[in-house]
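What follows is a single structure, written as structure tokens, with notes after it.
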Amino acid sequence: MVTRVTSVTSLGRNGLYDWLIQRVSAVVIGVYFIGMLGYLIAQPNLDYGTWKTFIGSVPMQIATTLLVLSVAAHTWVGLWGVTTDYLTGMTLGKSATCVRLVVQMVIALLLLVYVLWGLVTIWGGA
1 MVTRVTSVTS LGRNGLYDWL IQRVSAVVIG VYFIGMLGYL IAQPNLDYGT WKTFIGSVPM
61 QIATTLLVLS VAAHTWVGLW GVTTDYLTGM TLGKSATCVR LVVQMVIALL LLVYVLWGLV
121 TIWGGA
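Residue 17 in full-length UniProt numbering is what sits at position 17 of the sequence shown, and the numbering runs on without skipping anything.
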């Protein structure tokens, strides 16, 4: 009988899902920045009004929302890997699990604030 151990703090259900989340989010981030760079190169005389119209358009709001969510997911999977690899019993002794969970909770809280702040900024809430 094979027993699987899945961490409660993992974003995906297992390592394959985390790997896939990391790769898909990297593609979204890359495509967004390549598209943004292309727009900036194609608009040599860019002024505030043109920029505001471009960024305020619904397709760009959706793309930027996907960017914010992708950065958050990419960051979580990466930092989850770092914390589970380096905040261990071998490095921290008996307090490792507690330290790791506190660090992961702080990271999760910061990412939640980042996502909420990003969504309010993008969609003009508050």
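Even for Gly, the Cβ is constructed at its ideal location relative to N, Cα and C. All values reported here derive from a predicted model rather than from experimental measurement.
Alpha helix (DSSP H) segment containing Lys52, residue limits: Position 52 of the sequence shown, counted from the start, is the residue given in the question as residue 52. Where Lys52 is concerned, the enclosing alpha helix (DSSP H) stretches over 48 to 56.
DSSP three-state assignment for Thr88, whether helix, strand or coil: Numbered from 1 along the sequence shown, position 88 holds the residue referred to as residue 88. Coil, per DSSP.
May I ask you to verify whether the segment 41 to 48 touches the segment 75 to 90, counting CB pairs closer than 8 Å and requiring at least 3? no
At what residues does the alpha helix (DSSP H) containing Ser25 begin and finish? Locating residue 25 in the sequence shown gives position 25, where the first residue counts as 1. Segment 15 to 42, the alpha helix (DSSP H) holding Ser25.
Please state if the CB of Ala73 and the CB of Ile21 are separated by a distance shorter than 7 Å. Along the sequence shown, one-based indexing puts residue 21 at 21. Along the sequence shown, one-based indexing puts residue 73 at 73. Yes, Cβ-Cβ distance for Ile21 and Ala73 is below 7 Å.
Taking buried to mean at least 16 other C-beta atoms within 10 Å of its own C-beta, is Ser70 buried or exposed? Counting from 1 along the sequence shown, the entry for residue 70 is found at position 70. Flag for Ser70 reads buried.
Nonlocal neighbours in the same chain, by C-beta distance under 6 Å from Ser95, ignoring five residues either side: For the purposes of this step, residue 95 is taken as the residue at position 95 of the sequence shown. Once the five neighbours on either side are set aside, Ser95 has no close Cβ partner at all.
Can you list, in chain order, the residues of its chain with a C-beta nearer than 7 Å to that of Met60? Leave out the 5 residues immediately preceding and following it. Walking along the sequence shown from the start, residue 60 turns up at place 60. Contacts found: Phe54.
Does Gly118 come out as helix, strand or coil in the three-state DSSP assignment? The sequence position of residue 118 within the sequence shown is 118, counting from 1. Note: Gly118 maps to helix in three-state DSSP.
CA-to-CA distance, Ile29 to Tyr39, given in whole angstroms: The count along the sequence shown starts at 1 and reaches residue 39 at position 39. The count along the sequence shown starts at 1 and reaches residue 29 at position 29. The straight-line gap from Cα to Cα measures roughly 15 Å.
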